[in-house]
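Have a look at the structure below before the remarks.
Chains as they are written, first to last, in this note's numbering: chain A, 693 to 805; chain B, 912 to 1026.
Quick look at the structure:
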């Protein structure tokens, strides 16, 4: 079946630390991959996406590369800020499935000053 | 910037009651979705909707659930007879083209509590 697995949280970092949140997927087809972020009390916001192998999505200093050979889409940021504290969701979208996004379980990030 | 809105933000209901969750998608979007997140669990797809028809639905979306676009702006999710296990955060989303590369824009969610 189709699924997304993220690293367990919560992840606690100090400001300016390097962030990696691992995401791997299993898919029967060729998916598009997404990272969504949920700030406290808000809905899901698209952070970045990649639609084909070796594409790199980037936004607000975050980036992730679509690795077909390792079925991964790890999220990275070189220097996190307190304002990055949120829950991060990796997701995949397959063609011809009516727009069904399949989410990972979410990883909570807490950045301390 | 256009955004998806949802009302109410929190709904409390008694088991067996009907609830209607409301969403206003982004105005020029054509594809609409409902997801839910039970506390501590993954965000799960419920249903997608296009051209006044359901495009895809999950096994969760049984006969107790229905969706409707009653006018040009609202998109609703109805649960006919709520169960305790329906307690969750319900998210509405919309997208422009519905393609595999298209971005779905999410609302802030409605927290449903069934007592």
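Positions of the beta carbon are idealized from the N, C-alpha and C atoms, including for glycine.
Using a Cβ-Cβ cut-off of 8 Å, state whether residue i counts as contacting chain A.
i                       : result
residue 1015 of chain B : yes
residue 927 of chain B  : no
residue 1019 of chain B : yes
residue 1085 of chain B : Outside the displayed range of chain B (912 to 1026) lies residue 1085 of chain B, so it cannot be described from this structure.
residue 918 of chain B  : no
residue 993 of chain B  : no
residue 1012 of chain B : yes
Is it true that the CB of residue j sits closer than 8 Å to the CB of residue i?
i                       : j                       : result
residue 1019 of chain B : residue 735 of chain A  : yes
residue 703 of chain A  : residue 717 of chain A  : no
residue 709 of chain A  : residue 725 of chain A  : no
residue 998 of chain B  : residue 1024 of chain B : yes
residue 799 of chain A  : residue 699 of chain A  : yes
residue 727 of chain A  : residue 711 of chain A  : no
residue 915 of chain B  : residue 934 of chain B  : yes
residue 946 of chain B  : residue 961 of chain B  : no
residue 977 of chain B  : residue 989 of chain B  : yes
Would you say residue i lies against chain B (beta-carbon separation less than 8 Å)?
i                      : result
residue 724 of chain A : yes
residue 800 of chain A : no
residue 740 of chain A : no
residue 792 of chain A : yes
residue 773 of chain A : no
residue 734 of chain A : yes
residue 796 of chain A : yes
residue 743 of chain A : yes
What is the residue span of the beta strand (DSSP E) that residue i lies within?
i                       : result
residue 1014 of chain B : Neither: residue 1014 of chain B is in no beta strand (DSSP E) and is coded neither H nor E.
residue 956 of chain B  : 954 to 961
residue 1000 of chain B : 999 to 1006
residue 729 of chain A  : 724 to 730
residue 964 of chain B  : 964 to 968
residue 751 of chain A  : 748 to 751
residue 780 of chain A  : 778 to 785
Selection of the stretch 955 to 989 of chain B by Cβ proximity to chain A, strictly under 7 Å: Listed in sequence order: 956, 959, 966, 967.
To be precise: take each residue of the stretch 934 to 948 of chain B, compare its Cβ to all Cβ atoms of chain A, and keep it if any distance is under 7 Å. Which residues remain? Listed by position along the chain: 942, 944.
Going along the chain, which residues of the stretch 754 to 781 of chain A sit with their C-beta nearer than 9 Å to a C-beta in chain B? The stretch 754 to 781 of chain A vs chain B, Cβ under 9 Å: 781.
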